[in-house]
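Peer 1: Sharing a structure here in structure tokens format.
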């Protein structure tokens, strides 16, 4: 009898808890995200490390930073090709594109009411340059000065038409220089060791954007609230919560109403919500490119460094089949520059599978040992696993007689051999640093990614010259032509085989306006609700 | 006697801790990969000056044995180093994530003890009957159903299809956590007198805790049943019954007490593994606990965090074992006297 009474007590406690949680989840969890709409909850798989714009260079940092820190220029909703005014109301370049002069608006104020001046821009940019962070390379070869309070001049050692695109990067968000200096910030040459403002900036907003920091947490959630002193059109939401959630959690959260927007759902997850009348799916194309490379250094492989091997890979890959793996909405990338940016090749320029040519190339190679294909095994983007892509590549090449051995490794270790240039073949991706074709010159011989594929300048001086020419070209039509030639030549040589760009999806509640994918920021929170 | 016992256990625990740190250091160092560049972007990783600055910042430019002794020195001052990934002191990370896992593990254990031991008693009293057969299936199911599968099904049924419980997190999005006293949101919100926050915290806690308790329920059910059956056959039980003691007094005071020693051994080990190994459940429920922290630290070769977590887990195991030893003595005076 007593046992059963105890059981009754336990049952009563559980029932009470259930009733309590029933009330809670019914009254506060789901509806909070979907009724009043003063709060917007955004699900994102965090790669957040800091709220300090000068040190931030991750995707989540960009989303957060775009809402908190203004930049000189930015992009219109959904566009990634033409920078538009933001803090700078206008700009002009000199004839050689070595000097850009920006005229600042006179009504921009920081969240504490302090007016934003050219001194703040100079401080912010020099701080990025000297802090030696992930985004410091943006200021390589650039110097910044302020002839007067409302004018900023950016000078470049070489002609550089990418400057307007570069300064849209959130790393170059403008901070309140006096406030940051008061809290340990410096733009001095030794800023990498003497700047101590990060801790302050992880708790306090020093920007002029429409939102300010309420709480910043790199592991759970980061909350920003409307900036009461914002100089532009007021923020659409009183509060935005960026919630750290895996793609799997986002799928569950968006269906349960816990979040309003899911940013990381892969194509394979979409069928689960396509028929949900409460949700809208906005699809775009990601600027991330997946590519394959064959090491061009004979020291690494006497086989992969031959033109015959590159041809076998180029003609042996089933590009349409790879798109099936990448999922609906993905697209073959015809060159190294993704389709959303200026300078991209047209779809008709893309490589096409030709089994006869591939088999002929394999025959030319003769009797060879299997080649190792390395890739990160614990990493996926937009639901696309590197392992799945690598297996398909292996199967494709086997069909034309090329034996590939898969060599997966955790990303932290796989990166080592990739960066050291010791992989025979590698399967990797490139995310844009800034939306300009100049960012993709890293694939040229002797450049950052080219060297990872063992591709030195001496092996193709013409291509090196073409890349150098592309870097300093200033006329738009001329740039387009040079970048086209650069990519077509790259495709012809075939050290790199550009594969595809995944689909980019933003899933939002039907009542959320303006939740569209941005190739630059992932999503621009400041446009949502407007 | 007790003091000497505690002192000798603490002494061996300290030696064990140093050994664990040494092994963690060596094993992490043996892994291929570069901790300094793993968190750097592609461009920065290609810049030797930036890489050198990162190495110097985290002491990675020193030989491993120097790093080890510096770490030990700092540890004596209560400094577990700074996480390369979160860039915060490891101690503050552990203070943030440890209580989250502890809260989950404690509630799961309470549920498991109530349900598992309770059902184990019922099964032993109805041995080989229909109820016992049914509970055997429950026990087997609890032990053998993969926890990640159970978690996914639970979320689908109770969060996606029916919005009974929230699907992830510890609080509703945007809710400010209570001031940290224990780090367990349910307790802290009660201490703060904030019932709305408490309701939110417990609604987020129930589903992952129930899922986490499932294997433990299965385990405790089986152990309690077999241990009870063993004790039920003893002569002193028959003597108690012959004296005319009520059945429930015999069961709860004499049989259960005698049967608890092996159950507590299992419970202690299971609790420690729960606390240290909730990674799958934490991942599925978006629960920011020590398991998820350990997983992300290991993925990023974050040496200070890896060693910190290892040390944390070791301390948990050692503490739980100590508690189990003391509980033996309380339950069975013969052990205390021995």
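Protein chains in written order, with the working numbering: chain R, 9 to 538; chain F, 1283 to 1620. We treat Cβ as the ideally placed atom computed from N, Cα and C, and that holds for glycine.
In whole angstroms, what is the alpha-carbon distance linking residue 1430(F) and residue 1564(F)?
Peer 2: So the two alpha carbons sit approximately 10 Å from each other.
Peer 1: How about residue 444(R): is its C-beta nearer than 9 Å to some C-beta of chain F?
Peer 2: No, because no Cβ of chain F sits closer than 9 Å to the Cβ of residue 444(R).
Peer 1: Residue 414(R) and residue 437(R) look like a contact to me (Cβ under 8 Å); what is the Cβ gap, rounded to whole Å?
Peer 2: Not confirmed; about 17 Å, so no contact.
Peer 1: Determine whether the Cβ of residue 265(R) lies closer than 9 Å to any Cβ atom of chain F.
Peer 2: Answer yes: the Cβ-Cβ gap between residue 265(R) and chain F drops below 9 Å somewhere.
Peer 1: Tell me the start and end of each unbroken beta strand (DSSP E) in the region 234-314 of chain R that is at least 3 residues and wholly inside, in chain order.
Peer 2: Listed in chain order, they are 247-252, 287-293, 297-302.
Peer 1: Starting from residue 1331(F), find everything on chain R with Cβ-Cβ shorter than 7 Å and list it in chain order.
Peer 2: Those are 140, listed as they occur along chain R.
Peer 1: Taking beta-carbon pairs under 9 Å, can you tell me which members of the region 1299-1332 of chain F lie near chain R?
Peer 2: Answer set for the region 1299-1332 of chain F: 1313, 1314, 1315, 1316, 1317, 1319, 1320, 1321, 1322, 1323, 1324, 1325, 1326, 1327, 1328, 1329, 1331, 1332.
Peer 1: Does residue 1530(F) pass the burial test, meaning 16 or more other C-beta atoms within 10 Å, or should it be called exposed?
Peer 2: By the 10 Å Cβ count, residue 1530(F) comes out exposed.
Peer 1: Name the one or two DSSP bridge partners that residue 1(R) has.
Peer 2: Residue 1(R) lies beyond the residue range present for chain R, which begins at 9 and ends at 538; the question has no answer from this structure.
Peer 1: Short of 8 Å Cβ to Cβ, which residues in the region 230-257 of chain R face chain F?
Peer 2: Of all residues in the region 230-257 of chain R, 231, 247, 249, 251, 252, 253, 254, 256, 257 have a Cβ within less than 8 Å of some Cβ in chain F.
Peer 1: Would residue 140(R) and residue 1329(F) qualify as a contact pair, given that the criterion is a beta-carbon distance under 9 Å?
Peer 2: Contact flag set, yes.
Peer 1: Take the Cβ of residue 1289(F) as the centre, count every other Cβ of all protein chains shown within 10 Å, and call the residue buried at 16 or more, exposed below.
Peer 2: Classification for residue 1289(F): exposed.
Peer 1: Name the chain R residues whose beta carbon is nearer than 7 Å to that of residue 1442(F)?
Peer 2: Simply 260, 263, 264.
Peer 1: Okay, do the region 259-268 of chain R and the region 450-465 of chain R touch, 3+ Cβ pairs below 8 Å being the bar?
Peer 2: Touching, no, given that fewer than three Cβ pairs across the two stretches are closer than 8 Å.
Peer 1: Taking any Cβ of chain F, which residues in the region 443-475 of chain R have a Cβ under 7 Å from it, in chain order?
Peer 2: Listed by position along the chain: 456.
Peer 1: Could you check if residue 1528(F) is buried or exposed, using at least 16 other CB atoms within 10 Å of its CB as the buried criterion?
Peer 2: Label assigned to residue 1528(F): exposed.
Peer 1: If we define contact as Cβ-Cβ less than 9 Å, is residue 1357(F) a contact residue for chain R?
Peer 2: For residue 1357(F), the answer is no, since every Cβ of chain R falls outside 9 Å of its Cβ.
Peer 1: Consider the Cβ of residue 1570(F): report whether some Cβ of chain R lies at a distance smaller than 9 Å.
Peer 2: With 9 Å as the cut-off, residue 1570(F) counts as an interface residue toward chain R.
Peer 1: Got a sec? Which residues, its chain only, sit under 8 Å from residue 37(R) by beta carbon, not counting five neighbours each side?
Peer 2: Because residue 37(R) sits at a pLDDT of 42, beneath the cut-off of 50, its placement in the model cannot be relied upon, and the following sentence gives the value as read from the coordinates. Result list for residue 37(R): 264, 265, 266, in chain order.
Peer 1: Check whether the Cβ atoms of residue 53(R) and residue 66(R) lie closer than 9 Å to each other.
Peer 2: No.
Peer 1: Pick out whichever of 295(R), 403(R), 332(R), 497(R) has its Cα sitting closest to the Cα of residue 88(R).
Peer 2: Checked all of 295(R), 403(R), 332(R), 497(R); the closest Cα to residue 88(R) is 295(R).
Peer 1: Whether or not the region 420-431 of chain R and the region 357-376 of chain R are in contact is what I'm after, with contact meaning three or more pairs of Cβ atoms, one per stretch, closer than 8 Å; do they touch?
Peer 2: At 8 Å Cβ cutoff, the stretches do not touch.
Peer 1: Shorter than 9 Å from the beta carbon of residue 373(R) to some beta carbon of chain F?
Peer 2: No, its Cβ sits nowhere closer than 9 Å to a Cβ of chain F.
Peer 1: Helix, strand or coil for residue 525(R), going by three-state DSSP, please let me know.
Peer 2: In this structure, residue 525(R) counts as strand in the three-state DSSP scheme.
Peer 1: I believe residue 224(R) touches residue 507(R) by the beta-carbon criterion, under 8 Å. Please report the beta-carbon distance rounded to the nearest angstrom.
Peer 2: Between residue 507(R) and residue 224(R) the Cβ distance is about 36 Å, and since that is not below 8 Å, they are no contact.
Peer 1: Reducing DSSP to helix, strand and coil, say where residue 140(R) ends up.
Peer 2: Looking at residue 140(R) - three-state DSSP - the assignment turns out to be coil, as it is neither helix nor strand.
Peer 1: Quick one: Cα of residue 146(R) to Cα of residue 1386(F), how far?
Peer 2: Whole-angstrom Cα-Cα distance: 45 Å.
Peer 1: Closest Cβ-Cβ distance between residue 330(R) and chain F: below 9 Å?
Peer 2: Answer no: the Cβ-Cβ gap between residue 330(R) and chain F never drops below 9 Å.
Peer 1: For the alpha helix (DSSP H) containing residue 495(R), name the first residue and the last one.
Peer 2: Per DSSP, residue 495(R) belongs to the alpha helix (DSSP H) from 484-501.
Peer 1: Tell me the rounded alpha-carbon separation between residue 174(R) and residue 160(R).
Peer 2: For residue 174(R) and residue 160(R), the distance between alpha carbons rounds to 15 Å.
Peer 1: Please list the residues of the region 1420-1450 of chain F that have a C-beta atom closer than 7 Å to any C-beta atom in chain R, keeping them in chain order.
Peer 2: The residues in question are 1437, 1441, 1442, 1445, 1446, 1447, 1448, 1449, 1450.
Peer 1: Name the chain F residues that come within less than 9 Å of residue 227(R), Cβ to Cβ?
Peer 2: By Cβ distance, chain F contributes 1368, 1375, 1378, 1379, 1570, 1574, 1575, 1578.
Peer 1: Would you kindly report the start and end of the unbroken alpha helix (DSSP H) that includes residue 371(R)?
Peer 2: Residue 371(R) -> alpha helix (DSSP H) spans 363-373.
Peer 1: Indicate whether at least one CB of chain F lies closer than 9 Å to the CB of residue 518(R).
Peer 2: Not an interface residue.
Peer 1: Between the alpha carbons of residue 1461(F) and residue 511(R), how many angstroms are there, rounded?
Peer 2: Rounded to whole angstroms, residue 1461(F) to residue 511(R) spans 42 Å at the Cα level.
Peer 1: Please report how far the alpha carbon of residue 191(R) lies from the alpha carbon of residue 215(R), in whole angstroms.
Peer 2: In a straight line, the C-alpha of residue 191(R) is about 14 Å away from that of residue 215(R).
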